[in-house]
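In the numbering used here, the protein residues as written are 263 to 604. Note that the Cβ used here is the ideal one computed from N, Cα and C, for glycine as well. Okay, so here's the structure we're looking at.
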Amino acid sequence: MIEQIDGHILAPKNATKYPASMVLGANGMLTVSSEPFSGQHQLETTEISAALGNTPRNITFNSGQVFVASQSQHLNQWLTKHSKPSVINKLEQHLGLIVVACIVTVIVTYSTIVYGVPTASKLIANMVPHSVEKQVGDYSLSLVEEMGFSESSLTSDRQAELQLLFSDTVNKLPQQAELFSQPPQLLIFSSKEGANAFAMAGGHIILTDEMIELADNDSQLQAVLLHELGHIRHRHIMTSIVQSSILSIAAAMIVGEASGIADTLMSVTVLGTSLSYSRHHEHEADNFAAEHLHNWYQNTDSLVSLYKLLQSKHQIDIPDWASTHPNLEDRMAELKKYSQNQ
263 MIEQIDGHIL
273 APKNATKYPA
283 SMVLGANGML
293 TVSSEPFSGQ
303 HQLETTEISA
313 ALGNTPRNIT
323 FNSGQVFVAS
333 QSQHLNQWLT
343 KHSKPSVINK
353 LEQHLGLIVV
363 ACIVTVIVTY
373 STIVYGVPTA
383 SKLIANMVPH
393 SVEKQVGDYS
403 LSLVEEMGFS
413 ESSLTSDRQA
423 ELQLLFSDTV
433 NKLPQQAELF
443 SQPPQLLIFS
453 SKEGANAFAM
463 AGGHIILTDE
473 MIELADNDSQ
483 LQAVLLHELG
493 HIRHRHIMTS
503 IVQSSILSIA
513 AAMIVGEASG
523 IADTLMSVTV
533 LGTSLSYSRH
543 HEHEADNFAA
553 EHLHNWYQNT
563 DSLVSLYKLL
573 QSKHQIDIPD
583 WASTHPNLED
593 RMAELKKYSQ
603 NQ
């Protein structure tokens with residue numbers, strides 16, 4: 263059966279559309295009729311665009327001319343009869359294989375995000391030159407006022423005591439050159455957000471007046487300093503920066519950046535995966551602190567008791583999935599278990 267479909271033809275490097283018709287022969291021959299271009303072409307020598315819904319299909323000939331069919335449905339039926347279905351077409355028509363492909367895609371995507379990205383991020387972070395990490399840390403430090411921090415209100419004597427406690431703690435750690443790329447530094451600030459302590463790129467640790475006032479003794483402060491030193495030891499800050507960058511780029515490639523919806527999707531994607539990475543980092547930092555506290559004092563009581571104070575001070579019911587830190591009850595249980603198992 264011979265069928266004819268209408269459309270238009272485009273010449274190479276020419277945007278002008280020329281009305282055309284194409285006869286679909288029973289022998290697999292395509293006969294094009296147009297005012298400037300006419301001729302016959304074997305189906306095997308043409309390149310045909312994929313069928314995407316109602317989108318017109320393009321047939322590209324060896325001469326470079328392109329026939330754009332306005333009746334893709336008739337063309338699709340004819341092609342089904344006269345061309346060998348590709349592997350992709352066969353797969354698209356097999357429901358079972360589609361389901362399997364979807365499951366495999368989900369598993370691969372999940373594994374990449376949960377295991378691949380953290381592993382790659384850690385490797386990349388470890389390759390970042392220390393000079394670059396220091397620059398990142400110095401830049402972050404220049405923004406502390408914008409982050410809600412201000413000059414400490416502690417007396418100079420008390421700050422000197424804490425600096426001595428910090429230096430003694432660092433000096434007690436074995437093989438410091440292997441633990442830290444550059445000497446860690448303690449910086450004391452007041453914060454509108456209350457009790458806090460955190461590590462920054464470049465080896466800076468920020469301890470707030472409010473955390474110092476919350477602690478019952480310096481042993482608890484030493485414990486939290488060890489925890490933050492654990493973050494520096496494992497280069498968690500640079501790893502998190504690399505992770506966020508990878509996830510942001512991946513989200514942008516998937517959803518694009520042309521709309522506010524895309525921005526929202528990217529934010530949710532990055533946030534949702536970064537939360538679990540942060541919790542993993544907290545566990546590593548806890549283990550670092552627990553190891554040295556147990557070596558020095560045969561227990562982890564100082565860190566456990568500080569977590570109890572933080573828990574009583576901040577009675578905020580945050581779901582586990584929405585928290586950047588693991589549940590404090592779980593962390594205290596792990597610390598106690600660490601001492602019992604040693």
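Where residue i falls, given that 16 or more other Cβ within 10 Å makes a residue buried
{"i": "residue 404", "result": "exposed"}
{"i": "residue 594", "result": "buried"}
{"i": "residue 369", "result": "exposed"}
{"i": "residue 340", "result": "buried"}
{"i": "residue 469", "result": "buried"}
{"i": "residue 426", "result": "exposed"}
{"i": "residue 446", "result": "buried"}
{"i": "residue 392", "result": "exposed"}
{"i": "residue 597", "result": "buried"}
{"i": "residue 491", "result": "buried"}
{"i": "residue 475", "result": "exposed"}
Bridge partners - residue i, DSSP secondary structure assignment
{"i": "residue 268", "result": "283"}
{"i": "residue 448", "result": "467"}
{"i": "residue 459", "result": "469"}
{"i": "residue 310", "result": "321"}
{"i": "residue 329", "result": "271, 321"}
Beta carbon of residue i nearer than 8 Å to that of residue j
{"i": "residue 607", "j": "residue 461", "result": "Outside the modelled stretch of the chain, which goes from 263 to 604, sits residue 607, for which no answer is possible."}
{"i": "residue 467", "j": "residue 448", "result": "yes"}
{"i": "residue 302", "j": "residue 284", "result": "no"}
{"i": "residue 465", "j": "residue 428", "result": "no"}
{"i": "residue 387", "j": "residue 500", "result": "yes"}
{"i": "residue 459", "j": "residue 432", "result": "no"}
{"i": "residue 334", "j": "residue 319", "result": "yes"}
{"i": "residue 294", "j": "residue 271", "result": "yes"}
{"i": "residue 601", "j": "residue 545", "result": "no"}
{"i": "residue 411", "j": "residue 495", "result": "no"}
{"i": "residue 489", "j": "residue 543", "result": "no"}
{"i": "residue 457", "j": "residue 570", "result": "no"}
Secondary structure of residue i, DSSP reduced to three states
{"i": "residue 320", "result": "strand"}
{"i": "residue 295", "result": "strand"}
{"i": "residue 273", "result": "coil"}
{"i": "residue 301", "result": "strand"}
{"i": "residue 442", "result": "coil"}
{"i": "residue 583", "result": "Reliability of the predicted coordinates at residue 583 is poor, the pLDDT of 38 falling under 50, and the value obtained from them is presented with this limitation in mind. Residue state, collapsed to three classes: helix."}
{"i": "residue 412", "result": "strand"}
{"i": "residue 418", "result": "helix"}
{"i": "residue 453", "result": "strand"}
{"i": "residue 560", "result": "coil"}
{"i": "residue 534", "result": "Annotation note: pLDDT 46 at residue 534 (below 50); position unreliable, no value reported."}
{"i": "residue 210", "result": "Absent from the model: residue 210. The displayed extent of the chain is 263 to 604, so no value can be given."}
{"i": "residue 601", "result": "helix"}
{"i": "residue 528", "result": "Note on residue 528: pLDDT 49, under 50, position unreliable in the model; the coordinate value appears next. If DSSP states are grouped into helix, strand and coil, residue 528 belongs with the helices."}
{"i": "residue 543", "result": "helix"}
{"i": "residue 371", "result": "helix"}
{"i": "residue 358", "result": "helix"}
{"i": "residue 437", "result": "coil"}
Near the ligand ZN: residue i beta-carbon under 7 Å from a heavy atom
{"i": "residue 561", "result": "Among the components of this structure there are no ligands whatsoever, and the ligand ZN is therefore not found."}
8 Å Cβ cutoff, residue i in contact with chain C
{"i": "residue 418", "result": "Annotation note: the requested chain C is absent from the structure, which comprises a single protein chain."}
field: Stretch-stretch touch, CB-based, cutoff 8 Å, three pairs: the segment 426-441 with the segment 453-460
entry: no
message: Measuring CB atoms only, is the segment 502-514 touching the segment 562-578, in the sense that at least three cross pairs come out at less than 8 Å?
response: no
query: Touch check for the segment 322-337 and the segment 303-311: three-plus C-beta pairs under 8 Å?
result: yes
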